[in-house]
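Q: Structure below; questions to follow.
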Amino acid sequence: MTASPHTRPVSVGLFATCLVDTLRPSVGFAAAQLIEEAGCEVSVPRQTCCGQPAFNSGDRVTTRALAEQMIAAFETFDYVVVPSGSCAGMIKTHYPELFVGEPDWMPRIARFCDKVYELVSFLVDVRGMTRVSAAYDGTVTYHDSCSGLRELGIKAQPRTLLASVEGLELAEMADSDVCCGFGGTFCVKYPDVSNAIVEKKAANIIASHADTLLAGDLGCLMNMAGKLQRMGRDIKVRHVAEVLAGQGGDPAIGEPARADTALKQTAGTQGAQA
Amino acid sequence: MSVQITSPQFKANARAALADAPLQQALSKVGLSFIGRRSAAAAKLPEFEALRDSARDIKNHTLAHLDLYLERYEQQVIAAGGHVHFAVDAAEARDIVTRICREAGARTVTKGKTMIAEEIGLNDHLEAAGIQPVETDLGEYLIQIRGEAPSHIIAPAIHLNKEQVEEDFRRVHAHLAPERNLSEPTSLLAEARGELRAKFLAADVGITGANFLVAETGTSIIVTNEGNGDLTQTLPKTHIVLASLEKLVPTLEDVSQLLRVLARSATGQDMSVYTTFSTGPRRAGDVDGPQAYHVVILDNGRSGMLAGAFREMLRCIRCGACMNHCPVYQAVGGHAYGWVYPGPMGAVLTPALIGIEKGANLPNASTFCGRCEAVCPVRIPLPKLMRHWREKEFERHLTPAPQRYGLAFWAFFARRGWLYRPATRLAMWGLSRLGKAKGRFAALPLAGGWTKYRDFPTPQGDTFQAQWQARRRAQAQGQTQRGGNR
């Protein structure tokens with residue numbers, strides 16, 4: 001199906017990802033706001049997980065079931081947008097592998113995968129967004145999460161939008177394109193190795209002298225935030241969508257909620273639609 | 275030395291490696307030396323990405339017609355006066371090499387760098403047969419005198435520092451003056467060269483590996499930087515080439531393409547210092563060369579890979595770029611992988627050669643960051659192949675129980691949205707209350723793997739889906755009310 005922009009707004013199904021859904025809903029609201037600012041209508045259909053944990057654990061049966069569930073929930077939208085390079089990469093680059101040799105499925109999967117985008121890549125590459133109306137008082141450093149970078153080619157897009165944030169300064173860290181050691185279940189299967197990798201990442205973040213760390217994947221962000229906090233470092237860690245949506249003043253990952261945030265959460269975003 | 279398989283103890287190996295200060299110091303140089311040089315070499319060559327495609331295609335073509343090329347290669351070696359021996363497994367390869375050495379009346383053999391000799395555990399076998407193997411590659415020489423296995427496929431002693439080498443040289447070269455100065459790498463190199471020179475001349479047989487075997491001409495090719503391979507293969511009366519069957523390429527033209535990506539990917543050189551072509555034994559009028567030329571081609575499970583999901587692994591040209599760029603390899607080094615081949619290429623190849631039962635840790639010990647695939651000169655999809663091993667492991671119920679049960683528990687909910695949503699709401703409600711004051715947890719039940727080294731953030735409260743629905747309802751209500759007031 002194709003979008004017909006002249007007769008109705010572009011419809012976007014927001015797949016929040018299971019981590020954002022459960023642990024950090026504010027990223028979902030930030031994403032919704034940005035997609036609306038890009039002139040689209042946002043819906044949040046009922047959803048669970050894209051299946052990546054099962055896929056990377058070798059469980060094809062569960063992965064396949066979750067993929068079918070995902071497609072059923074999202075295929076009616078013009079676009080499917082995901083605030084995570086790794087989940088978007090899972091769908092866009094790996095779903096087709098699950099249906100190889102099934103002529104009934106393959107064209108349907110190809111059509112579906114074509115409209116799946118990581119959030120920032122959707123804003124810049126699809127919607128042509130070059131700037132956002134947000135301000136952030138701080139020096140940030142940006143970590144390129146592996147799947148977004150190497151599976152989807154996301155590198156310049158977040159930097160383009162961050163450059164338009166008023167007051168924000170970007171201080172690149174060394175090896176921003178090197179893995180943070182999260183790796184999904186890897187970090188709990190091989191905690192010692194994962195720790196050695198995130199220690200190097202933390203050292204690079206600290207050496208950048210940034211006061212804020214941003215990235216596009218909550219898993220990586222939680223890993224790096226958790227390490228920096230365990231080291232006693234006061235570096236704010238946020239999803240890039242939060243800063244782009246002007247939510248940079250809210251508590252960062254691992255910070256306690258303030259009294260006013262609870263209020264804010266019930267106040268509602270402007271224009272949240274079905 | 276033959277390598278004991280310790281891959282099942284990867285976790286313990288990794289912990290030991292992480293606590294090994296000299297090793298960590300040596301490993302810190304891996305990224306610095308290899309990564310920058312490779313990327314500079316690739317950037318200098320505009321057609322580098324196209325060459326990678328071409329390299330992949332050459333290897334794919336060869337693998338698709340491997341039977342024909344093996345036959346042609348054998349014919350050409352025989353026509354040049356050499357011998358070809360096919361070995362099904364490691365034991366047969368060892369026996370063939372030992373037999374050739376015995377027939378040559380060998381007491382000592384010199385060896386150029388060959389990973390296949392490591393794979394078949396040749397040195398132990400030769401020693402047991404009363405034949406002294408002498409490694410002539412500097413890195414291989416170092417690990418031989420230390421009784422170690424290589425920790426990298428092109429830099430076997432990369433885990434060592436020069437202080438350790440000095441200590442070993444003083445121990446092993448006890449006949450030299452104890453007061454000699456060995457503080458500089460150049461003095462260590464000079465001493466190794468001096469020690470090895472006599473061995474080169476005394477050797478009865480020289481054994482080398484092969485980077486490529488050329489079907490068109492029956493030529494074997496080695497790529498080195500030290501020149502030791504040339505002395506190993508030209509000075510003794512007998513030259514044995516040890517190679518595995520995926521080293522075949524059709525023509526010299528193909529080799530010249532592959533050479534353009536090999537050294538650049540490996541060390542960042544445009545070409546390695548020595549690229550040596552050998553075709554058969556010495557001919558009448560040749561100034562040097564062996565009187566007998568043997569090639570031992572090892573299968574050891576590779577023909578089984580040809581037909582299956584792991585065929586793409588047989589494109590590997592052993593440059594080592596995948597391990598140089600691997601965060602896990604950089605953290606723990608090669609010995610932690612517990613056999614001959616470390617890093618991402620080892621994580622795919624090792625289970626194929628020693629079995630998934632013993633090798634299961636290796637394809638699991640990857641973050642799937644994809645940097646290996648991004649630099650592989652023959653574009654092997656290493657993460658995909660590691661995932662295939664995880665699938666085999668899962669299908670055969672070899673996945674460790676905690677992981678299996680954890681996955682099943684999660685999958686039960688993820689596949690049932692109507693249960694997943696209330697269950698996650700309840701769980702997040704509980705966690706957000708518990709961790710509200712601090713904003714994070716320093717310890718959580720069942721999450722010890724995470725909280726051992728990092729804090730875990732407190733969930734913000736209700737789930738995104740529930741909050742979104744609540745807002746939508748509130749808006750709908752607001753609209754109805756506004757409508758009613760009108």
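Heads up: the protein sequence lines correspond to chains Z and S, in order.
Position 55 of the first sequence, counted from 1, bears residue number 55 in this note's numbering, the numbering being contiguous throughout.
For this note's numbering, count along the second sequence from 1 and bump the result up by 274.
Quick reminder that beta carbons are idealized off the backbone N, C-alpha and C, glycines included.
Give a yes or no on whether 8 Å exceeds the smallest Cβ distance from residue 279(Z) to chain S.
A: With chain Z covering only 1 through 274, there is no way to say anything about residue 279(Z).
Q: If you follow the alpha helix (DSSP H) that residue 258(S) is part of, which residue opens it and which one closes it?
A: Residue 258(S) falls outside the range modelled here, since chain S spans only 275 to 760, and no answer is possible.
Q: With burial defined as no fewer than 16 other Cβ atoms inside 10 Å of the residue's Cβ, what is the status of residue 137(Z): buried or exposed?
A: Its Cβ having fewer than 16 others within 10 Å, residue 137(Z) is exposed.
Q: Taking a contact to mean a Cβ-Cβ separation below 8 Å, would you say residue 25(Z) touches residue 749(S) in this structure?
A: In this structure, residue 749(S) does not lie closer than 8 Å to residue 25(Z) by Cβ.
Q: Can you confirm whether the region 497 to 509 of chain S touches the region 599 to 618 of chain S when touching is taken to mean that 3 or more C-beta pairs between the two stretches lie within less than 8 Å?
A: In short, these stretches do not touch, since the Cβ pair count stays below three.
Q: Can you check whether the CB of residue 254(Z) is closer than 8 Å to the CB of residue 736(S)?
A: No, the Cβ-Cβ distance between residue 736(S) and residue 254(Z) is not below 8 Å.
Q: In chain Z, which residues lie with their C-beta within 9 Å of the C-beta of residue 404(S)?
A: Residues of chain Z passing the Cβ test: none, with the nearest at roughly 43 Å.
Q: When DSSP labels each residue in this structure, what does residue 267(Z) get in the three-state scheme?
A: Low confidence applies here, because residue 267(Z) scores a pLDDT of 42, under 50, leaving its location unreliable and the question unanswered by this model.
Q: Cutting at 8 Å between CB atoms, please list the residues of its own chain near residue 473(S), excluding the five before and the five after it.
A: Here the set comprises 382, 384, 408 and 410.
Q: Do you know offhand how far residue 675(S)'s Cα is from residue 495(S)'s?
A: Approximately 47 Å between the Cα atoms of the pair.
Q: Any idea which residues DSSP pairs residue 142(Z) with across the strands?
A: For residue 142(Z), which the question treats as bridged, DSSP gives the partners 214(Z).
Q: Would you say residue 640(S) faces chain Z, with C-beta separation under 8 Å as the test?
A: Interface residue, yes.
Q: Relative to chain S, which residues along the region 44 to 68 of chain Z have a C-beta separation below 8 Å, given in chain order?
A: The residues in question are 44, 46, 47, 48, 49, 51, 53, 54, 55, 56, 57, 58, 59, 60, 62, 65 and 66.
Q: Could you run through the region 585 to 613 of chain S and flag, in chain order, every residue whose CB is less than 7 Å away from some CB of chain Z?
A: Answer in chain order: 601, 602, 605 and 606.
Q: Grouping DSSP H, G and I as helix and E and B as strand, with all else coil, what is residue 57(Z)?
A: It is coil, neither helix nor strand.
Q: Please tell me whether residue 144(Z) has its Cβ less than 8 Å away from any Cβ of chain S.
A: By this cut-off, residue 144(Z) is not an interface position.
Q: Please state whether DSSP places residue 253(Z) in a helix, a strand or coil.
A: DSSP places residue 253(Z) in coil when its eight states are reduced to three.
Q: Any residues in the region 661 to 675 of chain S with a beta carbon nearer than 9 Å to a beta carbon of chain Z? Which ones, in chain order?
A: So the close ones are 661, 662, 663, 664, 665, 666, 667, 668, 669, 673 and 674.
Q: Tell me the rounded alpha-carbon separation between residue 79(Z) and residue 696(S).
A: Whole-angstrom Cα-Cα distance: 27 Å.
Q: Runs of 3 residues minimum, wholly inside the region 156 to 243 of chain Z: which ones carry the beta strand (DSSP E) assignment?
A: You should have 166 to 170, 212 to 215 and 236 to 239.
Q: Go ahead and pull the three-state DSSP assignment for residue 1(Z).
A: Confidence at residue 1(Z) is low in this model, with a pLDDT of 45, below 50, so the placement of that residue should be treated as unreliable; the coordinate-derived value is given next. Three-state result, residue 1(Z): coil.
Q: Any beta-carbon of chain S closer than 8 Å to the one on residue 76(Z)?
A: No, no contact with chain S.
Q: With a threshold of 8 Å between beta carbons, is residue 24(Z) in contact with chain S?
A: So, interface residue.
Q: Any beta-carbon of chain Z closer than 8 Å to the one on residue 726(S)?
A: Chain Z, which has a Cβ nearer than 8 Å to the Cβ of residue 726(S), makes this yes.
Q: To test your reading of the DSSP string, which unbroken alpha helix (DSSP H) runs of 4 or more residues are found completely within the region 312 to 341 of chain S?
A: Runs found: 322 to 338.
Q: What number of angstroms, rounded off, separates the C-alpha of residue 414(S) from the C-alpha of residue 577(S)?
A: Going from the Cα of residue 414(S) to the Cα of residue 577(S) covers about 28 Å.
Q: With which residues is residue 360(S) paired in a DSSP beta bridge?
A: DSSP lists 571(S) as partners of residue 360(S).
Q: May I have the straight-line CA-CA distance separating residue 693(S) from residue 47(Z), to the nearest angstrom?
A: The straight-line gap from Cα to Cα measures roughly 11 Å.
Q: Would you say the region 59 to 68 of chain Z touches the region 32 to 40 of chain Z, given that touching needs at least three Cβ pairs under 8 Å?
A: Cβ pair count under 8 Å is below three, so no.
Q: Measure from the C-beta of residue 274(Z) to each C-beta in chain S and report whether the shortest distance is under 8 Å.
A: Residue placement at residue 274(Z) is flagged as unreliable, the pLDDT there being 39, under the threshold of 50; a coordinate-derived value is accordingly withheld.
Q: I need the straight-line Cα distance from residue 461(S) to residue 468(S), nearest angstrom please.
A: C-alpha separation (whole angstroms): 11 Å.
Q: Alpha carbon to alpha carbon, how far is residue 621(S) from residue 400(S)?
A: Cα-Cα distance, rounded: 28 Å.
Q: Kindly list the residues whose CB is nearer than 6 Å to the CB of residue 229(Z), restricted to its own chain and excluding five residues on each side of it in sequence; keep chain order.
A: So the qualifying residues of the chain are 254.
Q: Three-state secondary structure (DSSP) at residue 137(Z)?
A: Residue state, collapsed to three classes: strand.
Q: Is the region 202 to 209 of chain Z touching the region 127 to 136 of chain Z in the sense that three or more CB pairs, one from each, lie closer than 8 Å?
A: No, the region 127 to 136 of chain Z is not in contact with the region 202 to 209 of chain Z.
Q: Answer yes or no: does any C-beta atom of chain A fall closer than 8 Å to that of residue 712(S)?
A: Looking at the structure shown, chain A is missing, and the protein chains on hand are Z and S.
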